[in-house]
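In my numbering, the protein residues as written are 18 to 126.
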DNA sequence: GTTCTCACA
DNA sequence: TGTGAGAA
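Below is the structure:
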């Protein structure tokens, strides 16, 4: 009877994204970017990794994966790491606002 | 399974 | 800029 509304749908996707944290291997496989390159960008400061507990294995959250995917596309378009990083950061600003908005709704009973 | 450094093109 | 290999 209760049909999923667009609002409920977006919340379901958001819940999935904020829980989607995988290692560099998964990101490299899904993003198609060699693990070497992913770490390379992270070293440049284009993207950041989240450390899990004490392990040294860096995990990448949806936002980081999005950056890798975005930077890869930008680089393929003829952009350089510096140019791609700038565009990605601007895009992250928008995504961050959406995340904060969804986070508030998800945390609001 | 991941991470680090060194070196090269 | 991106990758190779070895080592821990």
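Glycine included, every Cβ here is placed at the ideal spot set by N, Cα and C. Since the structure is predicted, the reported quantities are computational estimates derived from the model, not experimental observations.
query: Since residue 67 and residue 78 should fall inside the 8 angstroms C-beta cutoff, what is the C-beta to C-beta distance between them, to a whole number of angstroms?; result: 6 angstroms
query: Suppose you measure from the CA of residue 116 to the CA of residue 98; what does that come to, to the nearest Å?; result: 25 angstroms
query: What is the DSSP secondary structure of residue 40, counted as helix, strand or coil?; result: strand
query: Give a yes or no on whether the C-beta atoms belonging to residue 85 and residue 38 are separated by under 8 angstroms.; result: no
query: My guess is that residue 109 and residue 80 are in contact by the Cβ rule of under 8 angstroms, so how many angstroms apart are they, rounded?; result: 7 angstroms
query: Measure the C-alpha to C-alpha separation of residue 58 and residue 64 and round it to an integer number of angstroms.; result: 6 angstroms
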